[in-house]
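Mind the numbering: the sequence shown is residues -8 to 253 in the working numbering, read in order.
Heads up, the thing below is written out as structure tokens.
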Amino acid sequence: MILGTHALGDDRNYLIIAQVGLPLQDTENLAGQQDDERSEFGVIERAEGKVQFIQQITHDGEVNRARYMPQNPFIIATRTVNIEVYVFDCRKHPSEPSLDGACSPDLRLRGHSAEGCGLSWSQFRLGHLLSSSNDAQICLWDTNVTPKNKALDAMQIFKICECTVEDVAWHQSCQYLFGSAGDDHSLHLWDLRSRSVSKPILSVVAHQSEVNSLAFNPINEWLIGVLQTSLMYERFLLLSTPLIVTRRRSSRLDGIQRIRPS
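Shown next as structure tokens:
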């Protein structure tokens, strides 16, 4: 499990790798017959899981989002409260944070001019990373390129308007496609084979307010999950209305992810 802290004041922030121990099954103690001291239906005792921090890496500021590379889970990218995107190779860092409190990412990815949350690794192209930001831009990096002093500039920058891009996600079936969503109330589908970095191949008005997150369905290539402040729904990209709507009336929702069935 990957965790990121949002510490208050001058407290340090960390990228945390945790190990989750889950019981194989509930421990059952079924009496089989009526017991005067217990219910006639017996007792079910539930084993408890355990979460253990196995690595803490000092992080410069709050961790807005963290994602591991599908091809190599030791490589983790983070969105920061500054303009850079960090990449850490966890194998190169000790299990305990440094005493001096220094943040030492293995790569600093540049191209944004504001903080953000959107972050997505390609499952098809090794090391290709997308990021979206409050600066209305989407940046694409190839982290295989040799950096200069651990800094790497974006290989492509996409921009359609002046609104914040809340989230970005690679398509689950086509290596050239990715989607974005944000404060312009719309979903956009981009194609890397297109020469335009300012015109997506498809745009759909998703909601009357900001769209916080999106995720493509791993089974149906045209089905996409969309997250608005208090609504989560699924829709086909080519339809004007959602298929399924789930409401949540409490606090703001900021992230949605698909689980690929095994």
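Glycine included, every Cβ here is placed at the ideal spot set by N, Cα and C.
A contact between stretches requires three or more CB pairs, one per stretch, nearer than 8 Å, and the segment 43 to 54 meets this requirement with the segment 71 to 86. When DSSP states are grouped into helix, strand and coil, Arg82 belongs to the helix group. Looking only at Tyr59, Tyr5, Val11, His162, the smallest Cα-Cα distance to Leu90 is reached by Tyr5.
Using a 10 angstroms sphere on the CB of Asp2, the tally of other CB atoms stays under 16, which defines it as exposed. In the three-state reduction of the DSSP assignment, Phe115 falls in the coil class, being assigned neither a helical nor a strand state. Per DSSP, reduced to three states, the secondary structure at Tyr5 is strand. Ranked by Cα distance from Ile7, the first of Ile192, Ser86, Cys152 is Ser86. Assignment of beta-bridge partners to Phe65 by DSSP yields no partner.
Excluding residues up to 5 positions away in sequence, Thr49, His84, Ser89 lie with their Cβ nearer than 8 Å to the Cβ of Ser95 in the same chain. For Gly118 against Thr137, the beta-carbon gap comes to about 12 Å, at or over 8 Å, which does not count as contact. Beta-bridge partners of Ala57 (DSSP): Thr69.
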